[in-house]
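Only one structure is covered here, and it is reproduced in the block below.
Residue numbers (this note's numbering): 619 to 729.
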């Protein structure tokens with residue numbers, strides 16, 4: 619599945635896919651994105667470790683198990699690391715924009 623957009627809590631985001639090693643390794647480093655777009659990653663079912671090295675801005679990260687939000691990391695500032703609290707198989711990174719923990723347990727819509 620390679621969605622073109624996804625909807626989280628009524629907000630629609632354009633999706634860029636990190637579908638190879640280089641795209642996953644670089645993520646959003648050295649890139650700027652709008653408030654309405656993000657980067658989508660697919661993984662095996664595991665706890666994920668991310669970093670914000672070389673980022674220009676804080677990000678929010680949504681960890682998914684299929685289409686269900688299982689964890690969020692909010693307002694991650696550049697030059698930090700984060701380990702997801704639970705296993706997930708997908709991840710979506712956006713510019714920090716008010717993603718909150720009350721989204722955990724909700725489903726997202728892929729288009």
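Note that beta-carbon positions come from the ideal geometry of N, C-alpha and C, so glycine has one too.
Separation of residue j from residue i, as counted between CA atoms
{"i": "residue 706", "j": "residue 713", "result": "20 Å"}
{"i": "residue 674", "j": "residue 723", "result": "30 Å"}
{"i": "residue 646", "j": "residue 662", "result": "21 Å"}
{"i": "residue 633", "j": "residue 676", "result": "18 Å"}
{"i": "residue 559", "j": "residue 727", "result": "No answer is possible for residue 559: the residues shown for the chain start at 619 and end at 729."}
Chain C within 8 Å of residue i, Cβ atoms only
{"i": "residue 658", "result": "No chain C is present in this structure, which holds just one protein chain."}
Residue i - DSSP class collapsed to helix/strand/coil
{"i": "residue 722", "result": "coil"}
{"i": "residue 707", "result": "strand"}
Residues bridged to residue i (per DSSP)
{"i": "residue 642", "result": "For residue 642, which the question treats as bridged, DSSP gives no partner whatsoever."}
Cβ contact check for the stretch 695-704 and the stretch 650-659: 3 or more pairs under 8 Å: no
Contact the stretch 624-636 vs the stretch 713-728: 3+ CB pairs below 8 Å: yes
Sufficient close CB pairs (3 or more, under 8 Å) joining the stretch 653-671 to the stretch 680-698: yes
Unbroken stretches of the beta strand (DSSP E), 3 residues or longer, contained in the stretch 648-705: Annotation note: the stretch 648-705 contains the following uninterrupted beta strand (DSSP E) runs of length 3 or greater, listed N- to C-terminal: 655-664, 667-669, 677-683, 686-694, 699-701.
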